[in-house]
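*Asks:*
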Amino acid sequence: MSQTFKDFWEFTGFYNCEWANIIMLCVGMFFVWLAIKKNFEPLLLVPIGFGMLIGNIPFQPGMEIGIYEEGSVLNILYNGVERGWYPPLIFLGIGAMTDFSALLANPKLMIIGACAQFGIFGAYMLSLLLGFDPLSAGCVAIIGGADGPTAIFTTSKLNPDLLGAVAVSAYSYMALIPLIQPPLMRLLTTKKERLIKMKPARIVSQNEKIIFPIVGLILTCFVVPSGIPLLGMLFFGNLLRESGVTSRLAKTASNAMTDIVTILLGLTVGASTQADKFLTVDTLKIFGLGFLAFIIASTAGVLSVKIFNLVLRPNKKINPLIGNAGVSAVPMAARISNNLGLEYDPSNYLLMHAMGPNVAGVIGSAVAAGVLLSFLG
């Protein structure tokens, strides 16, 4: 009887638990708390946080239940992350729910989205200096795009061992945008600049909206064919939205399908952060460099507007507060631009203007990922 009880005890999570498991369980609960109590990107942090809880419950090896054990349910679902299936499906949904009118009405805003990608390439150089090999440096650098699906897709191709750390880092900084960007925006702009009122954008025709995803696909993918899985799905989703004859498909892609894939992606990414693989010095470096990449990207976006304004006529000037929206976090970054603008002038609505660089950032991060894959993949 005592032997039976001993065998059962050795089978339990209490017996197999280590301090590292407890630390990761606390991190998972913290993510869930941030999502529920602070409303920080709950659609992302609840699945990731709960996935951390699932992935860090200790068990005996060989039970075929862990995410890294061949044939387990979690392992099969994780294939969508490791093999890069989920990110293109997310991009299909993003395309189906995104209105590119703000960008089409004012194409020069695309420059802001392009400049924000300096965060990616700046972080790449810093990663090399800190001892990361080129493939790992590319994985860390893509965090600067503030685009979780792009970061996951790129890392799955370059160095899958870093998937957990890169994905959690990318989604963490996306969720913390409301805390990170506003102080930086205040630091980089003057009160006079924050009060700039931009002229209302022109009305974009339906024909322009239909032509854009076709032309956008051809132009971007001819330059970086390695970005086809992301860019192709993004523009296809947008064509479903704008064509006027596939509204049912667009609705499914932007709602049900995106929600399902987001659940699977978040849960499996969270579960992949097992303590023995996640709690390493490299993970700390990745989080630190990811933060720097995000800061560089946001700074580059704001400064690009300030430089741009030097050559624009007074009545054509751009409010630098929309520069932060050059990162790919849609529509969180654009909302921050709008909220900060309203803080200084309750009549200055910047949301539609900020959506221009914001959606340009989505395209820009996918193109940057394609460039990294072309050189490193």
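By this note's numbering, the letter at position 107 of the sequence shown is numbered 122, and the numbering carries on one by one without gaps. Even for Gly, the Cβ is constructed at its ideal location relative to N, Cα and C.
Whose C-beta lies closer than 6 Å to the C-beta of residue 112 among residues of the same chain, with five residues either side of it excluded?
*Replies:* The residue you call residue 112 lines up with position 97 of the sequence shown. Same-chain partners within the cutoff: 269.
*Asks:* With distance defined between alpha-carbon atoms, name the residue in 391, 183, 383 nearest to residue 46.
*Replies:* Against the sequence shown, residue 46 aligns to sequence position 31. When each option's Cα is compared against that of residue 46, the closest is 183.
*Asks:* Near residue 130, what residues of its chain come up, given a Cβ to Cβ distance below 7 Å and the 5 sequence neighbours on each side ignored?
*Replies:* What you label residue 130 is simply residue 115 of the sequence shown in a count that begins at 1. Closer than 7 Å at Cβ, skipping near neighbours: 315, 316, 319, 341.
*Asks:* Is the distance from the Cβ of residue 173 to the Cβ of residue 153 below 9 Å?
*Replies:* The residue you call residue 173 lines up with position 158 of the sequence shown. The residue you call residue 153 lines up with position 138 of the sequence shown. Result yes, Cβ atoms of residue 173 and residue 153 sit closer than 9 Å.
*Asks:* Nearest-angstrom Cα distance between residue 236 and residue 115?
*Replies:* As a working note, residue 236 is residue 221 in the sequence shown. As a working note, residue 115 is residue 100 in the sequence shown. Taking the straight line joining both Cα atoms gives about 18 Å.
*Asks:* Whose C-alpha, out of 143, 138, 149, is nearest the C-alpha of residue 157?
*Replies:* For the purposes of this step, residue 157 is taken as the residue at position 142 of the sequence shown. The shortest Cα separation from residue 157 among 143, 138, 149 belongs to 138.
*Asks:* So the alpha helix (DSSP H) residue 33 belongs to, where does it begin and stop?
*Replies:* As a first step, residue 33 must be located in the sequence shown, where it is residue number 18. First-last for residue 33: undefined, no H or E at that position.
*Asks:* Which runs of the alpha helix (DSSP H) at least 4 residues long sit entirely within the region 345–381? Give them in chain order.
*Replies:* Fully enclosed alpha helix (DSSP H) runs of 4 or longer: 347–359.
*Asks:* Would you tell me roughly how many angstroms separate the C-alpha atoms of residue 50 and residue 68, rounded to the nearest one?
*Replies:* Translated into positions along the sequence shown, residue 50 becomes position 35. Translated into positions along the sequence shown, residue 68 becomes position 53. Each residue's alpha carbon lies about 15 Å from the other.
*Asks:* Which class does residue 85 belong to by DSSP, given the choice of helix, strand or coil?
*Replies:* Position 70 of the sequence shown, counted from the first residue, corresponds to residue 85. Residue 85: coil per DSSP, three-state reduction.
*Asks:* Excluding five sequence neighbours on each side, which residues of the same chain lie with their C-beta closer than 8 Å to the C-beta of residue 167?
*Replies:* If you number the sequence shown from 1, residue 167 lands on position 152. Taken in chain order, the residues that qualify are 96, 99, 101, 102, 178, 181, 182, 185, 280, 284.
*Asks:* Is residue 260 buried or exposed, if buried means 16 or more other CB atoms sit within 10 Å of its CB?
*Replies:* Working through the sequence shown from its first residue, we reach residue 260 at position 245. With fewer than 16 Cβ atoms within 10 Å of its Cβ, residue 260 is classed as exposed.
*Asks:* Enumerate in chain order the residues of its own chain whose CB-to-CB distance from residue 389 is below 7 Å, with the five nearest sequence positions on each side excluded.
*Replies:* Residue numbering aside, residue 389 sits at position 374 when the sequence shown is read from its first letter. Closer than 7 Å at the Cβ level, and outside the excluded window around residue 389, lie 239, 241.
*Asks:* State the Cα-Cα distance for the pair residue 327 and residue 321, rounded to the nearest angstrom.
*Replies:* For this step, residue 327 is matched to residue 312 along the sequence shown. For this step, residue 321 is matched to residue 306 along the sequence shown. For residue 327 and residue 321, the distance between alpha carbons rounds to 10 Å.
*Asks:* Please return the same chain residues whose Cβ sits closer than 6 Å to the Cβ of residue 8, not counting the five positions on each side in sequence.
*Replies:* Because the chain in this structure spans residues 16 to 392, residue 8 falls outside the shown range and cannot be described.
*Asks:* Using 9 Å as the threshold, is the C-beta distance between residue 336 and residue 355 below it?
*Replies:* Here the question's residue 336 lines up with position 321 in the sequence shown. Here the question's residue 355 lines up with position 340 in the sequence shown. Yes. Within cutoff.
*Asks:* Are there 16 or more other CB atoms within 10 angstroms of the CB of residue 309, so buried, or fewer, so exposed?
*Replies:* For the purposes of this step, residue 309 is taken as residue 294 along the sequence shown, with counting starting at 1. It counts as buried.
*Asks:* Report all residues from its chain with a CB closer than 8 Å to the CB of residue 56; omit the five preceding and five following residues, and keep chain order.
*Replies:* On the sequence shown, position 41 is the one that residue 56 refers to. Cβ neighbours of residue 56 beyond the five flanking positions: 50, 186, 189, 190, 347.
*Asks:* Starting from the C-beta of residue 352, find all residues in its chain whose C-beta is less than 7 Å away, skip the five residues before and the five after it, and write them out in chain order.
*Replies:* On the sequence shown, position 337 is the one that residue 352 refers to. Closer than 7 Å at Cβ, skipping near neighbours: 336, 337, 339, 340, 365, 369.
*Asks:* At what residue ranges does the region 190–265 contain a whole run of the alpha helix (DSSP H), taking only runs of 4 or more?
*Replies:* Whole alpha helix (DSSP H) segments, 4+ residues: 192–203, 206–209, 221–238, 243–257.
*Asks:* Quick check: residue 381 and residue 35, are their CB atoms within less than 9 Å of each other?
*Replies:* Taking the sequence shown and counting its residues from 1, the one referred to as residue 381 is at position 366. Taking the sequence shown and counting its residues from 1, the one referred to as residue 35 is at position 20. Cβ distance not < 9 Å, so residue 381 and residue 35 don't count as in contact.
*Asks:* Leaving aside the five residues before and after residue 79 along the sequence, list all residues of the same chain whose C-beta is less than 7 Å from its C-beta, in chain order.
*Replies:* Taking the first residue of the sequence shown as 1, we reach residue 79 at position 64. For residue 79, where only same-chain residues beyond five positions count, the Cβ hits under 7 Å are 86, 87.
*Asks:* What distance in whole Å lies between the Cβ atoms of residue 110 and residue 251, which are believed to be in contact at a cut-off of 8 Å?
*Replies:* By 1-based counting over the sequence shown, the position of residue 251 is 236. By 1-based counting over the sequence shown, the position of residue 110 is 95. Right, their Cβ atoms sit about 6 Å apart.
*Asks:* In terms of residue numbering, what span does the alpha helix (DSSP H) encompassing residue 173 cover?
*Replies:* In the sequence shown, residue 173 corresponds to position 158, counting from 1. It spans 163–173 - the alpha helix (DSSP H) in which residue 173 sits, taken as one unbroken run.
*Asks:* Residue 196: buried (16+ other C-beta within 10 angstroms of its C-beta) or exposed?
*Replies:* Counted from its first residue, the sequence shown places residue 196 at position 181. Per the 10 Å Cβ criterion, buried.
*Asks:* Kindly give me the distance between the Cβ atoms of residue 118 and residue 374, rounded to whole angstroms, as I take these residues to be in contact under 8 Å.
*Replies:* The residue labelled residue 118 in the question sits at position 103 within the sequence shown. The residue labelled residue 374 in the question sits at position 359 within the sequence shown. Going by Cβ atoms, the distance from residue 118 to residue 374 rounds to 5 Å, so yes, they are a contact pair.
*Asks:* Find out if the Cβ-Cβ distance for the pair residue 371, residue 124 is shorter than 9 Å.
*Replies:* Locating residue 371 in the sequence shown gives position 356, where the first residue counts as 1. Locating residue 124 in the sequence shown gives position 109, where the first residue counts as 1. Against a cut-off of 9 Å, the Cβ pair of residue 124 and residue 371 comes out as a contact.
*Asks:* Helix, strand or coil for residue 272, going by three-state DSSP, please let me know.
*Replies:* Taking the first residue of the sequence shown as position 1, residue 272 is located at position 257. If DSSP states are grouped into helix, strand and coil, residue 272 belongs with the helices.
*Asks:* On the CB-based measure, 16 or more other CB atoms within 10 Å of its CB, does residue 9 come out buried or exposed?
*Replies:* Residue 9 lies beyond the stretch modelled for the chain, which goes from 16 to 392, so this question has no answer here.
*Asks:* Please report the straight-line C-alpha distance between residue 148 and residue 140, rounded to a whole angstrom.
*Replies:* Here residue 148 is taken as the residue at index 133 of the sequence shown, counted from 1. Here residue 140 is taken as the residue at index 125 of the sequence shown, counted from 1. If I take the Cα positions, the gap works out to 11 Å.
*Asks:* From residue 75 to residue 258, what does the alpha carbon distance come to, in whole angstroms?
*Replies:* Residue numbering aside, residue 75 sits at position 60 when the sequence shown is read from its first letter. Residue numbering aside, residue 258 sits at position 243 when the sequence shown is read from its first letter. Those two C-alpha atoms are separated by around 53 Å.
*Asks:* Taking the C-alpha atoms as reference points, what is the distance between residue 267 and residue 52?
*Replies:* Locating residue 267 in the sequence shown gives position 252, where the first residue counts as 1. Locating residue 52 in the sequence shown gives position 37, where the first residue counts as 1. Near 30 Å, if we compare the C-alpha coordinates of residue 52 and residue 267.
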